[in-house]
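Working notes, structure below.
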Amino acid sequence: MRNFKNILVTGGAGFIGSNFIHYLFEKTSFKGNIINVDKLTYAGNLNNLKNIEDKLGNRYFFEHIDICDKEGIDKIFQDHSIDCVVHFAAESHVDRSILGPKEFIDTNILGTFNLLEVARKYWLNDNKSGKDFLFHHISTDEVFGSLGETGYFYEDTAYDPRSPYSASKASSDHLVKAYYHTYGLPITISNSTNNYGAYQFPEKLLPVMIGNIVNEKKLPVYGDGKNIRDWLFVEDHCSAILKIIQKGTIGETYNVGGENEWTNIDLINVLCEKIAKIKNKNAEHYKELITFVKDRSGHDRRYAINCDKLKNELGWKQSVNFSEGLDLTIDWYLNNQKWIDDIKNESYRDWIKANYENR
Ligand code: NAD
Ligand code: DAU
Numbered sequence: 046m047r048n049f050k051n052i053l054v055t056g057g058a059g060f061i062g063s064n065f066i067h068y069l070f071e072k073t074s075f076k077g078n079i080i081n082v083d084k085l086t087y088a089g090n091l092n093n094l095k096n097i098e099d100k101l102g103n104r105y106f107f108e109h110i111d112i113c114d115k116e117g118i119d120k121i122f123q124d125h126s127i128d129c130v131v132h133f134a135a136e137s138h139v140d141r142s143i144l145g146p147k148e149f150i151d152t153n154i155l156g157t158f159n160l161l162e163v164a165r166k167y168w169l170n171d172n173k174s175g176k177d178f179l180f181h182h183i184s185t186d187e188v189f190g191s192l193g194e195t196g197y198f199y200e201d202t203a204y205d206p207r208s209p210y211s212a213s214k215a216s217s218d219h220l221v222k223a224y225y226h227t228y229g230l231p232i233t234i235s236n237s238t239n240n241y242g243a244y245q246f247p248e249k250l251l252p253v254m255i256g257n258i259v260n261e262k263k264l265p266v267y268g269d270g271k272n273i274r275d276w277l278f279v280e281d282h283c284s285a286i287l288k289i290i291q292k293g294t295i296g297e298t299y300n301v302g303g304e305n306e307w308t309n310i311d312l313i314n315v316l317c318e319k320i321a322k323i324k325n326k327n328a329e330h331y332k333e334l335i336t337f338v339k340d341r342s343g344h345d346r347r348y349a350i351n352c353d354k355l356k357n358e359l360g361w362k363q364s365v366n367f368s369e370g371l372d373l374t375i376d377w378y379l380n381n382q383k384w385i386d387d388i389k390n391e392s393y394r395d396w397i398k399a400n401y402e403n404r
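Note that my numbering gives residue 234 to position 189 of the sequence shown, counting from 1, and the numbers run on in steps of one.
Written out as structure tokens, the structure is:
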């Protein structure tokens, strides 16, 4: 088993990255240091890590750097003797990639390329100790395209990305694999399904819907609402990543999924029912807020992943069922209004207004 001392987490101020930092420090016996490199785009939020900063100042370091900044990243590797990279940093929202793909190309492709270059040079020249070194790349099931009513994505399913977001992630996956095959850089990759849980930026389906139900605003459902996503509790994604960086086979890809497919409309109905119970209201009252709006361009119909490799090879399993995970998530959003208020700055409001409210 590999045990790393100095883990560089990119994008650690975002949704999954910050959950991963909490998970490592609070739920595992991890004894090393974490260096969180984040550009703090609209999606980066240091409030996600406030208590970590307060409690673990001697093992947690934040560096406000763009992954495209070669000198900056190089210095991080040198200063912190990085032995593992867990690369979350990305532009992550499909709708935004449709409206403006450039940042997706810059960060997801060029940023990953830059990280790989610095990691390769450091691994070759500087990390002479002979100890383990790993570059773990976080990716998505969206690289595999869209499924019909049956079938699953496997690790060896051919890539068929459809949106600028998924195309940029596919490109980064290919680069990471190329650095393994060409230069021997020790890498692993994980492709995960839709995550849900605490600290997710309120532009993604679950936090948008929870917020709008509570505030009795319209619930914008794209198209006919029958698109299917496979939902995975974010902490279970984090436990999968830890298993892969510790025990995954170098050069390999692992699919991570919730084995938990829902049409968007069914899921929104469940959210209405759960929140109605908490608020002592009639669920029908909330369901009346459901509004079918213009579909997302190129909207992938169904994602579903086979994650037997992760389960069988690495012994991964999920810790919560979907109903428990949803309850935890709803509770978190209801109890963290200040977190939501703090990020609802001007640019957030403009984005929501332009994209959701006027439909
Ligand atoms: P997010 O948008 O919540 O967070 C992204 C983080 O990256 C932010 O903190 C942002 O400031 C940072 N960042 C963006 N550009 C940067 C740059 N150039 N340099 C440094 N930092 C930068 O994203 P997320 O939902 O937490 O997703 C994390 C990763 O997981 C992404 O690679 C995404 O493709 C992948 N993923 C997400 C999901 C999901 O359901 N959210 C599922 C599968 C895979
Ligand atoms: O599958 C993994 C991917 O999941 C990740 O790679 C992405 O980073 C992440 O953003 C997520 O992508 P999706 O596009 O699936 O997530 P999103 O929350 O944007 O949408 C989920 C589904 O809900 C999708 O079918 C579109 C629909 N939707 C979304 C929003 C925000 C709506 O119907 N209404 C909405 O308001």
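C-beta: ideal position from N, C-alpha, C; glycine also.
Owing to the predicted nature of the structure, the values given are computational and were not obtained by experimental measurement.
Per DSSP, Val163 is one residue of the alpha helix (DSSP H) stretching across Thr157 to Lys166.
Within the DSSP secondary-structure output, Cys283 pairs in no beta bridge. The region 70-80 makes contact with the region 92-108; the number of CB pairs closer than 8 Å reaches 3 or more. Under DSSP, the beta-bridge partners assigned to Thr185 are Ser237. The Cβ-Cβ distance between Phe180 and Leu161 falls below 8 Å. For Gly156, the Cβ falls inside the 7 Å cut-off from some heavy atom of the ligand NAD. The alpha helix (DSSP H) runs lying completely inside the region 73-138 and spanning 4 residues or more are 95-100 and 115-125, given in chain order. Distance from Phe278 to Tyr241 at the Cβ level is roughly 7 Å; contact confirmed, criterion being Cβ atoms closer than 8 Å.
With 16 or more other Cβ atoms inside 10 Å of its own Cβ, Lys288 counts as buried. For Arg347, the distance from the CB to the nearest heavy atom of the ligand DAU is not below 7 Å. The criterion of a C-beta distance shorter than 8 Å is satisfied by Thr336 and Pro265. Annotation: the continuous alpha helix (DSSP H) that includes Ile258 extends over Leu250 to Val259. For Trp361, no alpha helix (DSSP H) run applies, since DSSP gives it neither H nor E. Under the three-state reduction of DSSP output, Tyr299 falls in the strand class. For Asp275, the pairing in a beta bridge is given by DSSP as Glu306.
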